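**Student:**
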Amino acid sequence: MGRHSAPSRRTGRRGSGGLTAGRLGGRQFTADPWVSLGLALLIGLVALLLTAVPRALSDVQSRQLVQDVTSLSAAQRDVVGTWNRTVEVPSFQVWAPDLVGLGEEEHEELVQDPWGPFRAGADRIRVEQPPPLRDVLDPAQMVAELNRPFSWVPQVESDFVSATFTLTVDPDLTSHVELVDGDWPALTYRDRESFSGVSPGPGREEGERETGDDVPEVMLSQDAADRLLLEVGDVIEDVNGETVLLSGTYRVSNPDDPRWQHVTAADRLGIIPDPDAGTSGFAAAFLSPQNRGALGQPATVDMRLWYPIDPTGITGRSDEVATLRTQLTTLMAQQQVLVPAAEVWDGPDQIPVFSADLAPTLDRIAAQQRATSSLIAVVAAGPLGVALAVAALGARLVVHRRRPALAMALARGAAPTQLRTLVALEGLVLGIPAAVLGHLGATLLLPGSTPWWRWAVTAVVALVPSVTLAASLDDASLLQRRTDLSGRSSSRWRWVVELALVGLAALSTWRLLDRGARGDDAAASGVDLLAAATPVLLALAACVITLRLYPLPLAALTRALRGRRSLTPFLGAARALRDPAGGLVPALAVVLGTAIALVSAVLLSTVTRGAEVAAWENNGAAIRVTGPPLTDDLRERLEQVDGVAAVGGIADSGQTARLDADGNRRAARVWLVDEAVQRVQADAPVDLLPAELFAAGADGRAPIATLRSLSADDDVSEGLTLSRVGDVEVVAHLPELPGAAHAGGVVVDRAVWEATGSSGPLANIILIGLADGADADQVAAGVEHTMGERSGVRTTVAEQLRSFTQAPVTEGLTRLFVGATIISGLLTVLAVVVVQLMGSAARARLLAVLRTLGLAPAQTRALTAWELAPLLVVSTVVGGLLGLTIPWVLLRGLDLTGLTGGPAQPALLLDPVLLALVLGAVVLTVLIAIAVSAWLAGRTNLAQALRVGEER
């Protein structure tokens, strides 16, 4: 037989009708393609999510960065350089070309545009900066202000007792304003004939002089000219007898242009009301753009140059934000030569001192992005873990359904290595196109740049079907064996891996919880790897421990059910113990799905509550007004506004007192708080100022509260005295004074302070409480109308909370949490269904026999439910406990203040209603999964199962 079989095999290999490996794989695929296609679809979904989530995160962070930066004023946002210079002559006209060593053309260019070297220097400094700083710096703008103000007395009819002009040169004035009346200011200056080399003007001989030649021309905004009752052609004389000529008026082309925040009172007249001395006005008066910054004789000029910040120049990734912060600090620390002395001709090197108030905002954005990235990594790990578990189950299902064909191939001489290679190649054929399509689909949904490493991630995802299919192929003959659940393992490597996993989880948890005590912090940029990895390790460790202990109660349940009359519970529990179709993998899917649902709910409610607390602590009341003093008349008028329940105030006493604790003296700023503030804050949902602060102190001691600038140890010190007050008792230590976020020192009741004979200024922080049912926006509008022009800066808690909920990062996190929960739930159902399908063949044979012996159809479905229920119930309980533990661990190691906007870490919030809804949804998902599996089991074809059994 051996002699005849060899030629037959050779002929089969050469001929077109032989069963090659490729044909065998194709025949197996076409015979049962749906599970393989489902596995490919799952891989495509994983690739899409792994590509889309980082792109969505980058988009959210970019939009949040733009929103946070653009919400700042131009003075806070832009990089500003200032310096002083002495200008000897108002124009290069006074110097002959050979005097300054220039050619005729170069000299004429400087006459027409003396700011050319400054523009070139500013552009050179910008170009020399590394990215991303260079990408966010727009071309520089500059102005020169003579530091000698021009003060004069307007007409009585103007209602202004005085007015002050800041004589300013704007090299780009004509590009940003529109001429309304008159003409642009000409290059005129005093003592014109005293400068050698200056022509008397066209049409006039030497020595001939026209009236007005020595009067500098200026132009004002139309608003300033109208309110000061000035007309074009007026000669204005200041208190020192010097004059300027109003050549024209203008209006700004774009009133919303941030550049006008850098030029004082350039777009309109500034007003300084004073009930005693009278109202004063101030405005910028622009000289000719050709003027170098002098009216004739040498003058000292305050130079200001600024680079507008364009936050869209960076992607918003946290590593870029941290890099930008470092580069900005370097720019401010280094000495930058704007124009060398050789190009100035009448002064030394021009070296501006750069400053920017953007650094604290960048620090806050970086902290916010670290927290956001870490939370997303934690939450996204859940659906990813469930998807991988389902992929592993799907691969095992593919191999399980092909077991007869694979066993036949082995029996006919195929090597196990050949079969592994065959299914691995099939996995590549399924995985590569699916992963590529998923990646491309994500790029179409979310356009943007694609770093190379994201393609590397997609390549790894594409290999998952190949690896899982090859790993799912049993050795040798693929004979069916019992796989009883047991706390013991025949593989020593499993014990090693599990112990290492539990050890890593314990170590990472300890390091995360001990982070504050050690004094270290998260990474400066990117994902906080420790905070992101710890929940994943905890979940895996919980699954390992659960699955090691799960067989013990299941075996006890089986023994307890053995003596009962009903067959279904005992048989279902016994099959769950002795023939678990999916092994332990479905438990991981259910644990992760349940944990992610609870983690998402707890973290979202905690961050939302933290933002609400931060808004109330920052604002101090439902409505806050800063600026105008709170007089008795203003208090009465505000209390008459509909919806106002109480009006209180906070004031900086302007005095520093000595806090003496057993001879240890410390200086403390004193903040005065009205007793009415207690009534104002009665409607606040959080505790702000303690009620003991306004109550009579024990033993005659005055109650005070210390702020963050003083040590908390002062709260428990005995024998405390405060100068100007006497013996005091510390009733609270506050991280912030609600309503005055940056205050430091001690807080004292105004009545206590004034009872000692000390005086204090009127409160300039006005806190307004709302009546029950009052609308905050309507009341705020009424307050603004009541205060009129002196309304100050008004903020409300409602506005801050709306800003928080509408922020891109909040919306992004909410969608992520909800999406992760939904995807995890769907994948959990899919995992349970796949488990049911894996055991369908063995279950069908058993049910065929039992139905023949009289088992009812309802008992058939109950049997399937009993097989799945113990594992799913235990996994749900473990997942629930894990879902409550992970947020508690994260809050002790991950800084969420960047998300909430408050100074302190938010407290863990367990909302019973929300948790009940989430747990109900999880339980409903598990019940749906069991019901679907039981329904599928009830559709078993008994006749076919019996016939197959006979054929075997």
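For the sequence shown, my numbering gives the first residue as 133, with consecutive numbering after it. Using N, Cα and C, we set each Cβ at its ideal position, and we do this for glycine too. Only a predicted model underlies this, so the values are computations on that prediction, with no experimental measurement involved.
(1) Please confirm whether Thr-758 and Leu-791 have their CB atoms less than 9 Å apart.
(2) Taking Ile-677 as part of the alpha helix (DSSP H), name the residues at either end of that continuous run.
(3) Look at the alpha carbon of Leu-959 and the alpha carbon of Leu-560, and state the distance between them as a whole number of angstroms.
(4) Phe-414 and Ala-295: beta carbons closer than 9 Å?
(5) Taking all protein chains shown into account, decide if Thr-953 is buried (16 or more other Cβ within 10 angstroms of its Cβ) or exposed.
(6) Rounding to the nearest angstrom, what Cα-Cα distance links Asp-291 and Leu-362 in this structure?
(7) Quick one, are the C-beta atoms of Ile-257 and Gln-468 less than 9 Å apart?
(8) Is the distance from the Cβ of Ala-431 to the Cβ of Arg-280 below 9 Å?
(9) Between Ala-777 and Ala-903, which are expected to be in contact by the criterion C-beta below 8 Å, what is the C-beta distance as a whole number of angstroms?
(10) Considering only their Cβ atoms, is the gap separating Gly-570 from Leu-1022 smaller than 9 Å?
(11) Can you name, in chain order, every residue of its own chain whose Cβ lies under 7 Å from the Cβ of Pro-264, other than the five neighbours on each side?
(12) With a threshold of 9 Å between beta-carbons, can Gly-781 be considered close to chain D, or not?
(13) Tell me the residue span of the alpha helix (DSSP H) that contains Gln-354.
(14) Mapping the DSSP letters down to three states, classify Thr-411 as helix, strand or coil.
(15) Kindly indicate which residue of Phe-250, Val-530, Thr-458 has the alpha-carbon position closest to the one of Ala-172.
(16) Given 8 Å as the limit, is there contact between the stretch 624–637 and the stretch 599–606, that is, 3 or more CB pairs closer than that?
(17) Looking at the strands, I want to know which residues DSSP matches up with Arg-833.
(18) If you pair each beta-carbon of the stretch 240–249 with each one of the stretch 398–417, do three or more pairs fall below 8 Å?
(19) To which residues of the same chain is Val-212 closer than 6 Å at the C-beta, ignoring the five residues directly before and after it?
(20) Can you tell me whether Trp-885 is helix, strand or coil according to DSSP?
(21) Measure how close the beta-carbons of Ala-873 and Asn-750 come, nearest whole angstrom, since I'm counting them as under 8 Å.
(22) Relative to the alpha-carbon of Arg-833, which residue among Val-884, Gln-810, Glu-558 has its alpha-carbon at the smallest distance?
(23) Assuming Leu-1014 and Ala-674 are in contact, meaning their beta carbons sit under 8 Å apart, how far apart are those beta carbons, in whole angstroms?
(24) Round the Cβ separation of Trp-998 and Thr-700 to the nearest angstrom and send it over; I've been treating them as touching at under 8 Å.
(25) Can you give me the C-alpha to C-alpha distance between Leu-352 and Gly-314, rounded to a whole angstrom?
(26) Is there contact here, the stretch 505–525 with the stretch 720–731, by at least three beta-carbon pairs under 8 Å?
(27) Taking only the alpha-carbon atoms, compute the straight-line gap between Ala-1048 and Arg-710 and give it to the nearest angstrom.
(28) Please determine, among Pro-492, Val-522, Asp-434, Ile-441, the residue with the shortest C-alpha to C-alpha distance to Ile-483.
(29) In angstroms with no decimal places, state the Cα-to-Cα distance between Pro-492 and Thr-853.
(30) Hey, Ser-737 and Leu-1046 are a contact pair by Cβ (cut 8 Å); roughly how many whole angstroms apart?
(31) Between the alpha carbons of Gly-425 and Trp-284, how many angstroms are there, rounded?
(32) What residue does the beta strand (DSSP E) around Ser-379 start on, and which one ends it?
(33) Assign Glu-340 to buried or exposed, taking buried as 16 or more other Cβ atoms, counted over all protein chains shown, within 10 Å of its Cβ.
(34) For the alpha helix (DSSP H) containing Thr-1124, list its first residue and its last residue.
(35) Check the DSSP bridge columns for Val-299 and list the partner residues they point to.
(36) For Val-1126, collect the residues of the same chain with a Cβ closer than 6 Å to its Cβ; drop the 5 residues on either side in sequence, then sort them by chain order.
**Tutor:** Let's see:
(1) The answer is no: Cβ separation not under 9 Å.
(2) For Ile-677, the enclosing alpha helix (DSSP H) has its first and last residue at 661–681.
(3) The alpha-carbon atoms of Leu-959 and Leu-560 are separated by roughly 23 Å.
(4) Contact: yes.
(5) Taking every protein chain shown into account, the CB of Thr-953 has 16 or more other CB atoms within 10 angstroms, so this residue is buried.
(6) Asp-291 and Leu-362: Cα-Cα distance of roughly 13 Å.
(7) Cβ atoms of Ile-257 and Gln-468: closer than 9 Å.
(8) Going by C-beta atoms, Ala-431 is nearer than 9 Å to Arg-280.
(9) The Cβ separation is near 4 Å, so the contact holds.
(10) Their beta carbons are not under 9 Å apart, which means Leu-1022 does not touch Gly-570 by this criterion.
(11) The residues are Gly-445, Ile-446, Glu-452, Thr-455, Leu-456.
(12) Among the protein chains of the structure shown there is no chain D, as only one such chain exists.
(13) Unbroken alpha helix (DSSP H) run through Gln-354: 354–359.
(14) Looking at Thr-411 - three-state DSSP - the assignment turns out to be coil, as it is neither helix nor strand.
(15) Looking from the CA of Ala-172, the closest CA among Phe-250, Val-530, Thr-458 belongs to Val-530.
(16) Counting C-beta pairs closer than 8 Å gives fewer than three between the stretch 624–637 and the stretch 599–606, which falls short of the contact rule.
(17) According to DSSP, Arg-833 shares a beta bridge with no other residue.
(18) No: the two stretches stay apart, fewer than three of their Cβ pairs being nearer than 8 Å.
(19) Trp-438, Ser-487, listed in sequence order.
(20) Looking at Trp-885 - three-state DSSP - the assignment turns out to be helix.
(21) The Cβ separation is near 5 Å, so the contact holds.
(22) Distance check between Arg-833 and each of Val-884, Gln-810, Glu-558 places Val-884 closest, using alpha-carbon atoms only.
(23) Taking the Cβ atoms as the reference, Leu-1014 lies roughly 5 Å from Ala-674, within the contact range of under 8 Å.
(24) Going by Cβ atoms, the distance from Trp-998 to Thr-700 rounds to 6 Å, so yes, they are a contact pair.
(25) Going from the Cα of Leu-352 to the Cα of Gly-314 covers about 11 Å.
(26) At 8 Å Cβ cutoff, the stretches touch.
(27) Answer to the nearest angstrom: the Cα atoms are 35 Å apart.
(28) Its Cα nearest to that of Ile-483, the residue Asp-434 stands out among Pro-492, Val-522, Asp-434, Ile-441.
(29) If you draw a straight line from the Cα of Pro-492 to the Cα of Thr-853, it is about 36 Å long.
(30) Cβ-Cβ separation between Ser-737 and Leu-1046: approximately 6 Å, consistent with a contact (criterion under 8 Å).
(31) Each residue's alpha carbon lies about 21 Å from the other.
(32) Ser-379: member of the beta strand (DSSP E) spanning 375–384, first to last residue.
(33) In this prediction, Glu-340 scores a pLDDT of 43, lower than 50, which makes its location untrustworthy; the coordinate-derived value is nonetheless stated afterwards. Per the 10 Å Cβ criterion, exposed.
(34) With the chain represented from 133 up to 1084, any question about residue 1124 goes unanswered, as that position is not in the structure.
(35) Position check: residue 299 holds Leu in this sequence, whereas Val was assumed. Answer is Ala-417, bridged to Leu-299.
(36) In this structure the chain extends from 133 to 1084, so residue 1126 is not present and cannot be described.
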